[in-house]
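Before any comments, here is the structure.
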Amino acid sequence: MSQLTPLERYQLALERDELVADPIQIVALGKLDVVFRAVLTPLPRTPSLLRFMRPKAGPAIRGLYLWGGVGRGKTFVVDAFFACLPDNFGRRVHFHSFMQDIHRELKNLSGIANPLQHLARRWATQLRVLCLDEFHIVDITDAMLLAQLLSAMFSQGIILVTTSNEAPDLLYRGGLQRDRFLPAIALLKSHLEIFEFSGVIDYRLRTLTQAATYYTPNDDTAECALQARYFALTHTCDVASSLIIESRSLATRGQVDGIVWFEFDVLCGGPRATADYIEIGCCFHTVFVSNIPCFSDDDNDAARRFINLIDEFYDRGVNVLCSAATNPAGLYRGSRLLAPFARTTSRLMEMQSEEYLAKPHLSD
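Offset between the sequence shown (1-based) and the working numbering: plus 177.
Structure representation (structure tokens):
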């Protein structure tokens with residue numbers, strides 16, 4: 178096989194001193210290599226007439242369920258796996274976005290019998306591998322869908338590679354009518370190898386604590402610093418895109434699974450509900466915010482939104498990297514919101530600490 182496997186790419190990066198070897202990542206990449214080689218094995222030929230009716234399933238290929246604490250490198254190895262796949266072989270998506278897509282698809286398929294089977298058959302003509310990042314269940318509707326959806330996917334030969342912070346047996350623990358979700362857990366355990374990512378190094382925390390998270394004033398130096406931090410965390414440059422939150426479109430400067438970058442005016446400069454901030458806080462563990470201004474009493478609407486934003490992010494353990502006109506204590510120069518903004522000032526300062534940055538992200 179001339180194409181590099183995930184582990185071969187990793188070893189090449191080690192030889193070039195682009196990475197530091199991590200034993201757990203090497204083991205995980207070895208397991209992903211097995212999946213990768215199996216995926217690239219050609220499927221049995223299907224008679225031309227039948228080929229357009231349904232995909233020909235080959236021998237069952239077990240996927241991989243990588244679970245463990247935050248920042249251990251689970252997403253990194255899955256990204257390495259996905260980057261090695263030929264074009265049109267797979268799809269990589271954050272679990273939250275994936276479930277949003279499912280609900281939209283089901284609305285479009287209303288009135289069609291067995292819509293999840295219909296979806297799975299269509300996907301099987303478009304991809305062989307589905308990579309899901311941060312598999313977790315917090316909603317009873319999603320829990321009910323998953324057992325049927327996974328069964329439909331696996332029956333069509335779709336291979337699942339996923340990351341999670343929890344072992345399969347702990348998914349949706351304590352959830353309403355959890356017994357109805359147990360078949361989904363059984364499917365995961367029968368169709369995926371379960372691998373605990375037990376590394377002790379928190380790479381996300383190490384990257385976050387290597388440099389500042391709050392930059393002032395709002396100038397070119399702060400802009401360059403944020404760009405460097407974004408690249409260090411995502412390994413990509415910022416690319417403008419849009420994000421749908423509560424059925425509304427928000428402009429972003431960039432988004433990679435779990436990380437998003439906004440201009441302050443997009444988040445707080447106009448009408449924005451607290452529900453928007455809750456949704457962002459659920460979906461993203463790290464949020465960049467550029468160009469936070471100083472606030473006078475003429476800017477109290479924006480200041481209130483900013484207070485709500487920081488409250489929601491703080492409660493969920495969201496990491497905030499930002500540029501601002503001045504230090505947290507000097508941001509509010511009005512009189513009407515002195516008391517609530519004092520809490521915001523305190524939280525902005527605490528959110529720069531290693532203790533805060535080490536907190537788990539609460540996505541539910």
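All residues carry an ideal CB built from backbone N, CA and C; glycine is no exception.
When the beta-carbon positions are compared, TYR187 and LEU217 stay at least 9 Å from each other. When ILE335, HIS313, ILE201, PRO505 are compared, the shortest CA-CA separation from PHE272 is found for HIS313.
Of the residues SER375, VAL443, LEU539, ILE201, the one whose Cα lies closest to the Cα of ALA428 is VAL443. Spanning the alpha carbons of GLU531 and THR384 requires a straight line of approximately 11 Å. A residue is called buried once 16 or more other Cβ atoms fall within 10 Å of its Cβ, and ILE436 is buried on that count. Between VAL255 and THR318, the C-beta gap is not smaller than 9 Å, which leaves the two residues out of contact. GLY507 and HIS462 have their C-alpha atoms spaced approximately 26 Å apart.
CA-to-CA, the gap between THR521 and GLU489 works out to about 11 Å. Annotation for ARG268: the continuous beta strand (DSSP E) segment containing it runs 267-271. Look at the beta carbons and you see the segment 269-288 not touching the segment 399-411: under three pairs across the two are nearer than 8 Å. For CYS471, same chain residues with a beta-carbon under 8 Å away, outside a window of 5 residues either side, are ALA502, THR503, GLY507, LEU508, TYR509, ARG510 in chain order. Leaving aside the five residues that flank VAL416 on each side, the residues in its chain whose CB is nearer than 7 Å to its CB run, in chain order, GLY431. Between the alpha carbons of LEU347 and LEU514 lies a distance of about 43 Å. The beta carbon of GLY446 is closer than 7 Å to those of ALA479 in its chain, skipping five residues each way along the sequence.
The distance from the Cβ of ASP210 to that of THR252 is about 18 Å, inconsistent with a contact at the 8 Å cut-off. The residue from ALA389, SER287, GLY250 with its alpha-carbon nearest to that of VAL197 is GLY250. Membership of GLN432 in any alpha helix (DSSP H) is not indicated; the residue belongs instead to the beta strand (DSSP E) covering 431-433. Straight across, the Cα-Cα distance linking LEU286 with HIS295 is about 9 Å. The beta carbon of LEU364 sits closer than 8 Å to the beta carbons of ALA324, LEU327, SER328, PHE331 from its chain, once the five residues preceding and following it are set aside; these are given in chain order.
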